[in-house]
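Asks:
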Amino acid sequence: MRHIGTIPDAELAARFQDFLIAQGTKCRLDDDAGGVAVWVYDDDRVTAARVQLAEFLAQPDDTRYREAREQADSILREEAAKRKAARRNTVVM
519 MRHIGTIPDA
529 ELAARFQDFL
539 IAQGTKCRLD
549 DDAGGVAVWV
559 YDDDRVTAAR
569 VQLAEFLAQP
579 DDTRYREARE
589 QADSILREEA
599 AKRKAARRNT
609 VVM
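For any residue, its number in my numbering is found by taking its place in the sequence shown, counting from 1, and adding 518.
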């Protein structure tokens, strides 16, 4: 997991996280002294995520970032359903 940058506002950080999730990039946000730290899990996506962060910080109100919320929610619901199904298939002895 790599730190790709910090976003000063929590609402903007959540918007960027939604965008990354919609792009297929698994990430995490952590509160930081200067705002919200953005972490990317996959090392292969770090460079692209840093470029996307710079673009986001230049234009955080762009429609592509605002519209990512629905897609990210859908992806997260799908992942939760898969985890739930996997737990049902687990046998505890």
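Note that beta-carbon positions come from the ideal geometry of N, C-alpha and C, so glycine has one too.
Determine, using beta-carbon pairs with one atom in the stretch 578-587 and one in the stretch 533-545, whether at least three such pairs fall under 8 Å.
Replies: Output reads yes: the stretch 533-545 touches the stretch 578-587.
Asks: Exposed or buried, Val558, counting other C-beta atoms within 10 Å across all chains shown (16 or more means buried)?
Replies: Within the sequence shown, numbered from 1, the residue matching residue 558 stands at position 40. Val558 is buried by the Cβ-count criterion.
Asks: Ignoring anything shorter than 3 residues, give me the beta strand (DSSP E) runs that lie fully in the stretch 526-603, in order along the chain.
Replies: 545-550, 553-558
Asks: To the nearest angstrom, report how far apart Ala567 and Ile522 are at their CA atoms.
Replies: Within the sequence shown, the letter at position 49 stands for residue 567. Within the sequence shown, the letter at position 4 stands for residue 522. Cα to Cα, the separation comes out at about 7 Å.
Asks: Suppose you measure from the CA of Ile525 to the CA of Ala540; what does that come to, to the nearest Å?
Replies: Translated into positions along the sequence shown, residue 525 becomes position 7. Translated into positions along the sequence shown, residue 540 becomes position 22. Whole-angstrom Cα-Cα distance: 18 Å.
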